[in-house]
């Protein structure tokens, strides 16, 4: 299975979390107008579509298509984030209770007028954009699910052509359904179709990249190192061809930290942590090495400052090897600090 070529699953997960955050905030705001109810309903539909993509079961042969689908689906994050940041600008003024000064009251009143205009125009545009994202995700998801039924019967190139054809069929079918709206909604319809067209094009572009990456010989792909930012703030890339175990990694780190106080001893005692930079997932270097790291991955290293060395008779007093900072919890029953 090929690596994701820079398209982070973390971006897709962040998109799901952002949709849920905005839904909760709108529901807590107590707004009961029709436009807000419709907006929340559309956000829920988008959230359901994203969750379907997240839970999608696929064969190894469909990895490229799924990676492209997740990347296209995560594009909604920019749309939602832009709307939400703009809406938050008005929130302090909407909560004005009359206890401010005259100038503040005038400004708050003016902001409420601007908010009313903002709601009418931007909420309608935002909802149209959400429809575009939701429908494009659904049609790509439907095409991928139909492709799964025949994935074992056709060669890779034939399956690619079939998937592209089904995307076109679903796309035109969806366009015909949207074409039945009234003339007054023509502008919003154009915005929706633009979002859908863009998402489909992004899907197809990423799919092409994934197919190209899948044809790269393994020895070429594995030339990408793992980019480690160590506890000293130094970039320390290492290649998985040469560092093939936790013991090998520890040996290299000990050499790198031997001139920094008791850093080498802390490395020897495994008093360090490594985290994936994109997903913030903790990496257990003692687990299966093949699943811990992959070429091109970016990871951050931290030193764990505890009372362990002190209590075992070592000269290590729990000081950071970089700045010399002493752990304030030394001698106390407190969760270890990570520096």
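Residue numbers (the working numbering): 1 to 339. We treat Cβ as the ideally placed atom computed from N, Cα and C, and that holds for glycine.
The way I'd put it, the stretch 43 to 50 does touch the stretch 15 to 28; three or more beta-carbon pairs between them come closer than 8 Å. Counting the other Cβ atoms within 10 Å of the Cβ of residue 134 gives 16 or more, which makes it buried.
Excluding residues up to 5 positions away in sequence, 283, 299, 301 lie with their Cβ nearer than 6 Å to the Cβ of residue 274 in the same chain. Ranked by how close their Cα comes to the Cα of residue 59, the residues 137, 260, 146 have 146 in first place. Nearest neighbour of residue 276 by Cα position, chosen from 297, 244, 84, turns out to be 297. In the structure shown, residue 283 falls within a strand segment according to DSSP collapsed to helix, strand and coil.
A Cβ-Cβ contact shorter than 7 Å links residue 68 with residue 207. Spanning the alpha carbons of residue 238 and residue 140 requires a straight line of approximately 38 Å. For residue 294, there is no enclosing alpha helix (DSSP H), since its DSSP letter is neither H nor E. The residues 18, 19, 22, in chain order, have a CB closer than 7 Å to that of residue 80 in the same chain once the five nearest residues on each side in sequence are set aside.
With distances taken between CA atoms, residue 136 lies nearest to 53 out of 84, 57, 53. In the assembly as shown, residue 48 is an exposed residue. Its beta-carbon has fewer than 16 other beta-carbons within 10 Å.
When DSSP reads this structure, residue 227 sits in a beta bridge with 298. Boundaries around residue 64 are those of the alpha helix (DSSP H), 63 to 73, since no beta strand (DSSP E) includes it. Taking the Cα positions, residue 61 is about 48 Å away from residue 260. Proximity to residue 201 across 128, 167, 224 peaks at 167, based on C-alpha coordinates. Excluding the 5 residues flanking it on each side, residue 126 has same chain C-beta neighbours closer than 6 Å at 83, in chain order.
Secondary structure of residue 126 (DSSP, three-state): helix. Annotation for residue 257: the continuous alpha helix (DSSP H) segment containing it runs 246 to 257. Residue nearest to residue 129 within the set 63, 196, 71 is 196 (criterion: CA-CA distance).
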